[in-house]
Amino acid sequence: MLYIFDLGNVIVDIDFNRVMGVWSDYSRVPLANLQKSFVMGEAFERHERGQISDEEFAAAVCEEMGMALSFEQFSTGWQAIFVGLRPEVIAVMHRLRELGHRVVVLSNTNRLHTYFWPGEYPQIAEAADKIYLSQEMGMRKPDVGIYQKVLEMEGFSPHETVFFDDNADNIKGAQRLGITSILVTGKETVPDYFAKNL
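For reference, each letter of the sequence shown is one residue, going 1 to 198 in UniProt numbering.
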């Protein structure tokens, strides 16, 4: 079997409020204002597809949110999103590989984050056979093409695949191909699934 795991809020906890807090401190824009104005809009999606640079992304977000930040200040806030690993999921991933299954990560991410989390959390690469990143693939979830590409690269069919993600739209995208898709709603979702299915 092929098991595909999302990264944020599946393998590692993330929290956008931490990002806003840092940006608020630097920009002196009230936190509540930033929380209201932050949207995962066109610049966000284009950045995750690798279509614009980190600097262009930072400038677009600062303009959208009315923040005057240097690129360094923006980046410091952007990396604050990472809270910590979910060791119970890492353990599941190792167990699956021991049993002969293929385990990969598929994440909508961007170059800025990849300067941070691989070094901060080396356990992720150690627990996965391969890591697929949207910026490198030129596509992002829930585009059906990104799932098709992973299946093609891995040599598995949809009915041999299980996918875990915390975003309902991403789950629907995978389900369109017939992939068994599990919506991760909390830290217990993945361990509970495998307690019944392993």
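All residues carry an ideal CB built from backbone N, CA and C; glycine is no exception.
For residue i, which beta-bridge partners are listed by DSSP?
i: Y132; result: L106
i: D13; result: G84
i: G8; result: V12
Please tell me whether, using a cut-off of 8 Å, the distance from the CB of residue i to the nearest non-hydrogen atom of the ligand SAM is below it.
i: E98; result: Absent from the structure shown: the ligand SAM. Ligands present: none.
Going by CA-CA distance only, name the one from the options that's closest to residue i.
i: M1; options: M93, G173, I146; result: M93
i: K187; options: F5, S37, I4, V10; result: V10
i: M137; options: H47, N17, G21, Q73; result: H47
i: H159; options: K196, L106, T180, V150; result: T180
i: D54; options: D6, F74, F38; result: F74
i: L151; options: R97, P87, R102, A43; result: R102
i: D25; options: V190, A125, T76, D192; result: T76
i: V29; options: L69, G178, E88; result: L69
i: N110; options: L99, W78, R95; result: W78
i: K149; options: I52, A43, V104, V61; result: V104
i: Y121; options: R95, L106, S107, R86; result: R86
i: A127; options: V61, N197, H113, G100; result: G100
i: M40; options: P191, R140, I131; result: R140
i: T161; options: E88, G178, M153; result: G178
i: Q135; options: F57, S157, V89, R97; result: F57
i: F194; options: E45, G8, I90, Q51; result: I90
i: P191; options: R95, V61, F156; result: R95
i: I4; options: Q123, S107, T189, F44; result: S107
May I ask which residues mark the beginning and end of the beta strand (DSSP E) holding residue i?
i: I182; result: 180-183
i: L2; result: 2-5
How far does the alpha helix (DSSP H) with residue i in it extend, from its first residue to its last?
i: V22; result: 16-27
i: D165; result: D165 -> not in any alpha helix (DSSP H); beta strand (DSSP E) instead, spanning 161-165.
i: F38; result: Premise fails: F38 is in no alpha helix (DSSP H) and is neither H nor E.
i: Q51; result: No alpha helix (DSSP H) contains Q51, which DSSP labels as neither H nor E.
i: D143; result: Careful: D143 lies outside any alpha helix (DSSP H) and carries neither H nor E.
i: Y193; result: 189-197
i: A127; result: 122-127
i: A168; result: 168-175
**beta strand (DSSP E) runs wholly inside the stretch 79-112, at least 3 long, in chain order** = 82-85, 102-107
**Asked** Three or more C-beta pairs closer than 8 Å, one from the stretch 115-123 and one from the stretch 165-175: is that the case here?
**Response** no
**Asked** How about the stretch 128-148 and the stretch 172-185: do they share at least three Cβ pairs that are nearer than 8 Å?
**Response** yes
**Prompt:** Are the stretch 28-46 and the stretch 62-72 touching, with three or more C-beta to C-beta distances below 8 Å?
**Reply:** yes
**Message:** Three or more C-beta pairs under 8 Å: does that hold for the stretch 5-21 against the stretch 75-88?
**Reply:** yes
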